[in-house]
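Written out below as structure tokens is the structure these notes cover.
In the UniProt record's numbering, the protein residues as written are 1 to 252.
Here it is as structure tokens:
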């Protein structure tokens, strides 16, 4: 679906990403993992044109990423950033209908309202439609943000640490939802996540980044291995199998 070829990114001559070659498969749930400063969020921003690479080629559905018109691209991919500046007195309905902007250009149509209601129903948050953003719990707000993303009707969804500020129960509910979007709606999801144990229970593929380079990538079970994770995080980890899934622990 999206091909990244020989991508490099530098800030003030300091390399941030180097020699990134990667293909994101259609209908796949992919996690970017790795230590802080590895370049995970920077790569995500480049994928949605919020930032530019210094060198390299990005191709979305056979067309150069830079060749897409802004409105066209907004109907193909969407990014949910880690930090959003959202007006506290915005209602959930208004937030979600903003996701339809690439289609209505500021003038919502009846079909946009219909899509908003479908998304709210799908996520079981119709009762929150008239609630203000600052009245929501962390879990409710994350679901409202996912509703905004779904309303945009893009095949590719990029998420930068969507589990931030969520407790364990809310995090599991969010991962359940994201897995459902892939399995039921055919979405392609790429997310930055630090909780590799939680990611390993849900994602199809992992891309491990370290020092701005791809350290390892592949199916989840081929990345969740002690030699790979030890070197990735510079730690002596213990890996165990629980119900056919690999989990890692650390004890000093």
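Ideal Cβ positions, reconstructed from N, Cα and C, are used throughout, including at glycine.
- Here the stretch 108–118 makes no contact with the stretch 173–183; the two share fewer than three CB pairs at distances below 8 Å.
- Assigned with DSSP and collapsed to three states, residue 184 falls in helix.
- DSSP places residue 86 outside both helix and strand once states are collapsed to three, so it counts as coil.
- With a cutoff of 8 Å on beta-carbon distance, residue 102 and residue 71 are scored as near each other.
- One alpha carbon belongs to residue 239, the other to residue 250, and they sit about 9 Å apart.
- Uninterrupted beta strand (DSSP E) stretches at least 3 residues long and entirely within the stretch 152–230 occur at 156–160, 188–192, 205–210 and 213–219, given in chain order.
- For residue 18, the enclosing beta strand (DSSP E) begins and ends at 14–24.
- Taking residue 161 as reference, the option from 52, 2, 196 and 116 with the minimal CA-CA separation is 196.
- A straight line joining the alpha-carbon of residue 145 with that of residue 118 spans about 15 Å.
- Between the stretch 23–42 and the stretch 199–215, the count of C-beta pairs closer than 8 Å reaches three or more; the two stretches touch.
- Residue burial is scored here from C-beta neighbours: residue 23 has fewer than 16 other C-beta atoms within 10 angstroms and is therefore classed as exposed.
- Distance check between residue 74 and each of 165, 201, 154 and 236 places 154 closest, using alpha-carbon atoms only.
- In this structure, residue 204 lies near residue 219, with their beta-carbon atoms less than 8 Å apart.
- Rounded to the nearest whole angstrom, the C-alpha separation of residue 235 and residue 9 is 27 Å.
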